[in-house]
Structures are given as structure tokens and as C-alpha cells.
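Enquirer: If you scroll down you'll find the structure; I have some questions about it.
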Amino acid sequence: MTPNIIYVLGISDNGGSTSEILRVLDGPAIGDIRSRLIRLIKPDPSDVGRIAIQELLGYRLPGHGNAYAIKNEWVEIVEGTHRLWNHIPSEKKEVIRGFLIYIQSEILKRAHKRFSFANGSIGNFFLTGARMFFGSLESAIFLFSAITGITEPTRVIPVINTNHGIAIAALLMNGNTILGQCAISHPSLSSSGDSFNAGHVRPGINSSGSSTARDGSKTPDLATLSQQQQHQQQRHLQQQ
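Sequential numbering of the sequence shown, starting at 1, is according to the UniProt record's numbering.
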């Protein structure tokens with residue numbers, strides 16, 4: 001396969017460990033980007049350091065078990081005492097650790113949200129920490145590529161270069177709207193069999209332009225939702 005490939009990846013995935021990062025830290029979803037970057041790391045038996053970095057950034061914390069033990073393992077990784085650091089060159093270790101420490105500090109600032117480290121991807125944490133530090137997703141991808149030896153012309157770029165969260169929706173033929181990539185990719189029928197994922201479905205828009213829920217209450221139409229999102233983004237930019 002030719003190395004002259006540019007991978008353009010979405011940033012709307014709201015499932016897995018990405019969902020917890022989005023819930024607490026906001027920003028674009030980086031799970032798909034991290035997954036592709038990990039796959040692009042060229043295995044070289046003679047380069048023990050690169051293999052160790054690939055293992056670290058591809059590692060996930062346990063998805064089940066004692067929450068205290070899972071958090072303790074994360075602390076070991078941040079402090080640099082975890083076994084995964086054993087064969088990583090010190091200069092690269094400290095660069096990676098620096099951004100893991102940074103995201104840990106950002107999580108601590110939001111301690112009231114009770115971040116869950118279960119099933120957490122170390123690569124996701126690294127990319128998010130770098131993205132937040134630089135204020136640029138593309139810069140975070142560049143750093144990840146540089147550390148792991150992913151060189152041009154192979155590149156990974158986001159479909160939208162933004163520091164804000166992006167959500168997608170699917171409009172059904174019955175007028176209902178499914179919100180979120182995870183709900184779209186994995187739809188489930190309700191017990192009544194006539195709607196999808198109750199928590200992620202907005203009812204159809206009636207002739208007056210507003211939405212009516214099953215209990216008869218009014219919900220915002222898509223135009224109103226879009227306006228609300230724009231106002232929220234403007235307030236966010238003013239606060240920066």
C-alpha cells in the first residue's frame with residue numbers, strides 16, 4: 001500500500017471512553033483519530049522504545065472492577081511508575097507524561113463532575129491533553145505523530161479543525177431525530193417497537209414548527225436548537 005495517504009476522520013464519536021472526556025472536558029471527539037494513529041505506528045522489532053510507546057498509547061484502563069483501583073492505576077501512569085513506561089526513552093517519556101499531567105490537572109479542576117477512568121484510553125488522554133494545551137487539534141495530532149514516528153506523506157487530519165464539540169443527528173422518515181453518533185450507529189428499539197433510543201430521540205416537528213412529545217409538551221424545533229448552540233458557542237468564545 002502506498003504511504004501517500006491522507007486520512008480524514010470524523011470528530012463526532014460520542015461513545016466509549018470518549019464520551020466521558022466529552023462529558024467532563026468537552027471538545028472534539030478524538031477516539032477515531034487516536035485509533036487510526038495507533039494503527040499507523042510501524043512496528044520495528046529493533047526499536048523497543050517505539051513498541052513501548054505504541055503499547056502505552058494503545059492501552060486502556062480496566063473497564064470493570066473497583067473504581068479506586070482503576071484510578072490508582074491511572075495515577076501510577078501519570079506519576080511515571082507504571083510498568084508501561086519501562087522501555088520508553090526518558091525524553092519521550094517526559095513529553096508524554098507532561099500532557100497526561102496536564103489533563104489530570106484539568107480533570108481535578110472539574111472534580112465536582114466525578115470523572116470516571118474506567119475503560120479510559122491513555123492515547124485519548126494524551127491527545128486531549130495536548131489539544132487543550134495547544135488549543136489546536138491538528139497540533140496535538142502532529143505531536144502524536146512525531147513521538148510515534150508517523151511521517152509524511154502519511155497524514156491524519158480531522159474533518160473539521162475545531163476545539164469545540166461536534167454532534168451529528170439523523171432525521172428519520174417519521175420525523176423523529178436521533179442525536180449522537182453512538183445512538184445512530186447502534187440504534188435500539190424501545191419496548192413499544194416504534195421509536196429508537198428514547199434518551200437520544202427528539203420527536204417530530206408538527207405543522208406549527210414546534211415539536212410535540214408524547215405527553216403533549218412542546219420541545220424546541222431544530223432551528224431553535226441550532227440558535228441555542230450558536231449562542232452557547234458565542235458565550236464560550238467571549239469567556240476565552
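Note that beta-carbon positions come from the ideal geometry of N, C-alpha and C, so glycine has one too. Just so it is clear, the structure is predicted and the values come from calculations on it, not from any experiment.
DSSP state of S190, grouped into three classes?
Expert: Because S190 carries a pLDDT of 48, less than 50, the predicted location of this residue cannot be relied on, and the following value inherits that uncertainty. S190: coil per DSSP, three-state reduction.
Enquirer: In terms of DSSP beta bridges, what is S121 paired with?
Expert: DSSP links S121 through a beta bridge to R60.
Enquirer: What would DSSP say about P3, mapped onto helix, strand or coil?
Expert: coil
Enquirer: Tell me whether the beta-carbon of I88 lies closer than 8 Å to the beta-carbon of A52.
Expert: yes
Enquirer: Identify the continuous alpha helix (DSSP H) that holds T148 and give its terminal residues.
Expert: L137 to T148
Enquirer: Would you say G15 lies against chain B (beta-carbon separation less than 8 Å)?
Expert: Checking the listed chains, one finds no chain B in this structure; it contains a single protein chain.
Enquirer: Quick check: the Cα distance between V75 and N174, rounded to an integer number of angstroms?
Expert: 48 Å
Enquirer: Among residues of its own chain, excluding the 5 on either side of L9, which ones have a beta-carbon nearer than 7 Å to its beta-carbon?
Expert: Within its own chain, the residues whose Cβ lies closer than 7 Å to the Cβ of L9, once the five positions on either side in sequence are excluded, are D32, I33, R36, V156, P158 and V159, listed in chain order.
Enquirer: Taking G149 as the reference, which of I30, G15, Y68 and R39 has the closest Cα?
Expert: Looking only at I30, G15, Y68 and R39, the smallest Cα-Cα distance to G149 is reached by R39.
Enquirer: Per DSSP, A170 is paired with what?
Expert: I178
Enquirer: Tell whether a beta-carbon distance below 8 Å holds between V24 and R83.
Expert: no
Enquirer: List the endpoints of the continuous alpha helix (DSSP H) containing V75.
Expert: A67 to E79
Enquirer: Does the beta-carbon distance from Q116 to E20 come in below 8 Å?
Expert: Here residue 116 is Ser; the residue named in the question, Gln, does not match the sequence. Their beta carbons are under 8 Å apart, which means S116 touches E20 by this criterion.
Enquirer: In three-state DSSP terms, what is V159?
Expert: coil
Enquirer: Going along the chain, which residues of its own chain have a beta-carbon closer than 7 Å to the beta-carbon of G165, five neighbours each way excluded?
Expert: Counting only Cβ-Cβ distances below 7 Å, and skipping sequence neighbours, we find L22, D26, G27 and P28.
Enquirer: Are there 16 or more other CB atoms within 10 angstroms of the CB of A69, so buried, or fewer, so exposed?
Expert: exposed
Enquirer: The ligand FMN and G63: does any heavy atom of the ligand fall closer than 7 Å to the residue's C-beta?
Expert: Ligands in the displayed structure: none, and consequently the ligand FMN is not present.
Enquirer: When the Cα atoms are used, what is the spatial distance from I147 to L172?
Expert: 43 Å
Enquirer: Could you tell me which residues DSSP puts in a beta bridge with L9?
Expert: P158
Enquirer: For G27, name the three-state secondary structure that DSSP assigns.
Expert: coil
Enquirer: Use the C-beta contact count for R114: other C-beta atoms within 10 angstroms, 16 or more gives buried, fewer gives exposed.
Expert: It is exposed - the Cβ of R114 has fewer than 16 other Cβ atoms within 10 Å.
Enquirer: Would you give the residue range spanned by the alpha helix (DSSP H) that G98 belongs to?
Expert: S90 to K109
Enquirer: Put I184 into one of helix, strand or coil per three-state DSSP.
Expert: I184 falls in the helix class under three-state DSSP.
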